[in-house]
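Participant: What follows is a single structure, and I will ask about it in a moment.
Protein chains: 2
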Amino acid sequence: MLDSTMHALADSTRRSILLRLGKKEQSVNEIAEPYEMSLAAVSKHLKVLEKANLITKEKKGRSYTCRMNYEPLNEVQELINQYKVFWEARLDELDNFITQTKKD
Amino acid sequence: MLDSTMHALADSTRRSILLRLGKKEQSVNEIAEPYEMSLAAVSKHLKVLEKANLITKEKKGRSYTCRMNYEPLNEVQELINQYKVFWEARLDELDNFITQTKKD
DNA sequence: AATTTATTTAACCAATCGGTTGAATATTTT
DNA sequence: AAAATATTCAACCGATTGGTTAAATAAATT
Numbered sequence: 001m002l003d004s005t006m007h008a009l010a011d012s013t014r015r016s017i018l019l020r021l022g023k024k025e026q027s028v029n030e031i032a033e034p035y036e037m038s039l040a041a042v043s044k045h046l047k048v049l050e051k052a053n054l055i056t057k058e059k060k061g062r063s064y065t066c067r068m069n070y071e072p073l074n075e076v077q078e079l080i081n082q083y084k085v086f087w088e089a090r091l092d093e094l095d096n097f098i099t100q101t102k103k104d
Numbered sequence: 001m002l003d004s005t006m007h008a009l010a011d012s013t014r015r016s017i018l019l020r021l022g023k024k025e026q027s028v029n030e031i032a033e034p035y036e037m038s039l040a041a042v043s044k045h046l047k048v049l050e051k052a053n054l055i056t057k058e059k060k061g062r063s064y065t066c067r068m069n070y071e072p073l074n075e076v077q078e079l080i081n082q083y084k085v086f087w088e089a090r091l092d093e094l095d096n097f098i099t100q101t102k103k104d
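Those protein sequences? They're chains A and B, same order as listed. Under my numbering, read the first sequence as residues 1 to 104, first letter to last. Under my numbering, read the second sequence as residues 1 to 104, first letter to last.
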């Protein structure tokens, strides 16, 4: 899961699409409009986001409505938190070391 | 920056290396030990992490000491927060809509 | 029924990926 | 000086990436 989520977020076009979908759901055409690339390319980006479960598509007539799904980002948040825990523990150790050294 | 950070984190070996380095700095050999892949492969992973500025290497005698660097993760955290803000705004709208509907 | 609109699929491309093996480099130990 | 240790570099591999264009599919409009 994290592999596909991170991979999906490792591209600025996809991050930008996701930010826009965070604000408002949109059709594929609307999503593609600001980018200087083919519709097929955007369609591929959407597929990557969809596989990562960061968006869902619902067919509405002849167009698709795309929505963001926050859920996979919880796992990213957990990862960051894990790193943070260890990182701050390390900083504390360093702090103790300095305090200890001063004492002598 | 985010491109390289996310790309670096989109691989479970690299995430695992980073977690271990979060706890304790280690040499390349120590880092490589638990993985069933060549040292050269691990060396490449370390280069990816280094390019993303998630680790630094310092030459100590004939070996290298690798340390984690948290800083790039701040940007990831900001990204997640951005998504969160919009996501929760959307949830609020939905909430208002439901409340509104009930009222009628 | 024919046309337009919305989107995907397929085939292709060069670049990058994650891995390999074998040789090269640098340092320490003997 | 020779041997051992720590690590990287270079060349190679097949798979995947992010893009293209052209054709295919599906639904709405005329």
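Glycine residues also receive a C-beta, built at the ideal position from the N, C-alpha and C atoms. Because the structure is a prediction, the values reported are computed rather than measured.
Hey, could you find the ends of the beta strand (DSSP E) Ser-16 of chain B is sitting in?
Facilitator: By one-based count along the second sequence, residue 16 of chain B stands at place 16. Where Ser-16 of chain B is concerned, there is no enclosing beta strand (DSSP E), although the alpha helix (DSSP H) it sits in stretches over 12-23.
Participant: Between which two residues does the alpha helix (DSSP H) harbouring Glu-50 of chain B extend?
Facilitator: Stepping through the second sequence from its first residue, residue 50 of chain B is reached at position 50. Residues 39-51.
Participant: Are Asp-11 of chain A and Asp-3 of chain B close, meaning C-beta to C-beta below 8 Å?
Facilitator: As a position in the first sequence, residue 11 of chain A is number 11, starting the count at 1. As a position in the second sequence, residue 3 of chain B is number 3, starting the count at 1. Closer than 8 Å, so yes.
Participant: Could you compute how far the alpha carbon of Val-76 of chain A sits from the alpha carbon of Ala-89 of chain B?
Facilitator: Taking the first sequence and counting its residues from 1, one reaches residue 76 of chain A at position 76. Taking the second sequence and counting its residues from 1, one reaches residue 89 of chain B at position 89. The straight-line gap from Cα to Cα measures roughly 20 Å.
Participant: Taking only beta carbons into account, state which residues of the region 23-57 of chain A come closer than 7 Å to chain B, listed in chain order.
Facilitator: For the region 23-57 of chain A, which is checked against every Cβ of chain B, the residues closer than 7 Å are Lys-23.
Participant: Note down, in chain order, every chain A residue with its Cβ under 8 Å from the Cβ of Ser-12 of chain B.
Facilitator: On the second sequence, residue 12 of chain B is found 12 positions in, with the first residue counted as 1. Per Cβ cutoff of 8 Å: Leu-2, Asp-3.
Participant: Between Ile-80 of chain B and chain A, is the shortest Cβ-Cβ distance under 8 Å, so that the two count as touching?
Facilitator: Residue numbering aside, residue 80 of chain B sits at position 80 when the second sequence is read from its first letter. Cβ-Cβ to chain A under 8 Å: yes for Ile-80 of chain B.
Participant: Determine whether the Cβ of Phe-97 of chain A lies closer than 8 Å to any Cβ atom of chain B.
Facilitator: One-based indexing of the first sequence puts residue 97 of chain A at position 97. No, Phe-97 of chain A lies away from the interface with chain B (no Cβ there is under 8 Å from its Cβ).
Participant: State yes or no: is the beta carbon of Leu-94 of chain B nearer than 8 Å to at least one beta carbon in chain A?
Facilitator: As a working note, residue 94 of chain B is residue 94 in the second sequence. Chain A contact via Cβ: absent.
Participant: Hey, out of B:Ser-43, B:Thr-13, B:Thr-5, B:Glu-71, whose CA is closest to Ser-63 of chain B's CA?
Facilitator: Taking the second sequence and counting its residues from 1, one reaches residue 63 of chain B at position 63. The option with the nearest alpha carbon to Ser-63 of chain B is B:Ser-43.
Participant: So Leu-9 of chain A packs on Arg-15 of chain A, CB below 8 Å; how close in whole Å?
Facilitator: Within the first sequence, numbered from 1, the residue matching residue 9 of chain A stands at position 9. Within the first sequence, numbered from 1, the residue matching residue 15 of chain A stands at position 15. Right, the Cβ-Cβ distance comes to about 6 Å (below 8 Å), so this counts as a contact.
Participant: In this structure, how does DSSP classify Tyr-70 of chain B when only helix, strand and coil are distinguished?
Facilitator: In the second sequence, residue 70 of chain B corresponds to position 70, counting from 1. Looking at Tyr-70 of chain B - three-state DSSP - the assignment turns out to be coil, as it is neither helix nor strand.
Participant: Please report how far the alpha carbon of Asn-53 of chain A lies from the alpha carbon of Glu-36 of chain B, in whole angstroms.
Facilitator: As a first step, residue 53 of chain A is located in the first sequence; it is residue number 53 there, counting from the start. As a first step, residue 36 of chain B is located in the second sequence; it is residue number 36 there, counting from the start. Approximately 30 Å, taken between the alpha carbons.
Participant: Of all the CB atoms in chain A, is at least one closer than 8 Å to the CB of Tyr-83 of chain B?
Facilitator: For the purposes of this step, residue 83 of chain B is taken as residue 83 along the second sequence, with counting starting at 1. Yes, because at least one Cβ of chain A sits closer than 8 Å to the Cβ of Tyr-83 of chain B.
Participant: Is the Cβ of Arg-15 of chain B closer than 8 Å to any Cβ of chain A?
Facilitator: To locate residue 15 of chain B, count along the second sequence from 1; it is residue 15. Yes, contact with chain A.
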